[in-house]
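> There's a structure below that I have some questions on.
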Amino acid sequence: MIRSFLEWLGTTPWSVGLLESLWVWPLLESTHVLSITLFVGTAMMMDLRLMGATFGGVRASDFTSRLLPWTRGGFVVMVVTGLLVFYSNPVRYYNNVFFRVKILLMVIAGLNVWLFHSGIHKRIAEWDHEASPPRAVRLAGAVSIVAWMLIVISGRLIAYNWFDCELQPQPGWVNWASGCVLAAE
Numbered sequence: 029m030i031r032s033f034l035e036w037l038g039t040t041p042w043s044v045g046l047l048e049s050l051w052v053w054p055l056l057e058s059t060h061v062l063s064i065t066l067f068v069g070t071a072m073m074m075d076l077r078l079m080g081a082t083f084g085g086v087r088a089s090d091f092t093s094r095l096l097p098w099t100r101g102g103f104v105v106m107v108v109t110g111l112l113v114f115y116s117n118p119v120r121y122y123n124n125v126f127f128r129v130k131i132l133l134m135v136i137a138g139l140n141v142w143l144f145h146s147g148i149h150k151r152i153a154e155w156d157h158e159a160s161p162p163r164a165v166r167l168a169g170a171v172s173i174v175a176w177m178l179i180v181i182s183g184r185l186i187a188y189n190w191f192d193c194e195l196q197p198q199p200g201w202v203n204w205a206s207g208c209v210l211a212a213e
């Protein structure tokens, strides 16, 4: 059912036009990459502060309040452009092992942010001016850094077709992980 929907989506005029565009596609992809650098760069700075690795003389609340608008802006542009990149060739992305890994890692990163803001961050007044915050805060920062580094790496690997469904034979685990639908012989 998902694959049928994505096959239909990939044949819509806007999807085909986007993928075949001489100017829009490169601008879209470049904007996606630049917004990733803005988002990940500012998130890493905040995570390093939360880990107590940098900016220990600056209150955590002051530091995050100054960077968070930039992080949120980068996130919005990154998500919108990422969805448009996916829309341009949905079946290929859906069947890409690295894309699936990236989505899984994004879920983990999202859960980390949710857990941090719904619990640990609410008690920021207790550790705001500490150069080395509590262990739970440091752990949240470390998980974020590792998750976003792996998201960027897996996102970059999407461009390589080592495991594309069209390249058969592939090991069974690759076909399973990619969701490849193979024609019966």
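Counting from 29, one number per residue, gives the positions in the sequence shown under the numbering used here. The beta carbon of each residue, even a glycine, is placed where N, CA and C say it ideally should be. Just so you know, these numbers come straight off a predicted model, no measurement behind them.
#1: Among M73, L178, A153, which one has its Cα closest to the Cα of L133?
#2: Where do the N-terminal and C-terminal ends of the alpha helix (DSSP H) with M106 fall, by residue?
#3: Does the segment 181-191 come close enough to the segment 120-138 to have 3 or more Cβ pairs within less than 8 Å?
#4: Is L37 helix, strand or coil when you go by DSSP?
#5: If you run the structure through DSSP and keep just helix, strand and coil, what is A81?
#6: Residues in the same chain with beta-carbon distance under 8 Å from N123, minus the five sequence neighbours each way, listed in chain order, please.
#7: Using only the alpha-carbon positions, how far apart do E154 and V68 sit?
#8: Can you give, in chain order, each stretch of the beta strand (DSSP E) that sits fully within the segment 153-203 and has at least 3 residues?
#9: Using the Cα positions of V202 and R120, report the straight-line distance between them to the nearest angstrom.
#10: Apart from the five residues on each side of it in sequence, which residues of its chain come closer than 8 Å, Cβ to Cβ, to V86?
#11: Could you say which of P41, W190, Q196 lies nearest to Y115 if we only look at CA atoms?
#12: For the structure I just gave you, are there three or more beta carbon pairs, one from the segment 133-143 and one from the segment 43-56, closer than 8 Å?
#13: At the level of alpha carbons, what is the spacing between I64 and M29?
#14: Quick test of your reading: S172 and D75, contact by CB under 8 Å. State the CB separation rounded to the nearest angstrom.
#15: Can you find a heavy atom of the ligand HEM that lies under 6 Å from the Cβ of R163?
Let's see:
#1: L178
#2: 88-116
#3: yes
#4: helix
#5: coil
#6: D192, C193, S206, G207, C208
#7: 27 Å
#8: none
#9: 14 Å
#10: R77
#11: P41
#12: no
#13: 31 Å
#14: 5 Å
#15: Of the ligands one can find in the structure shown there are none, so the ligand HEM has no counterpart to examine.
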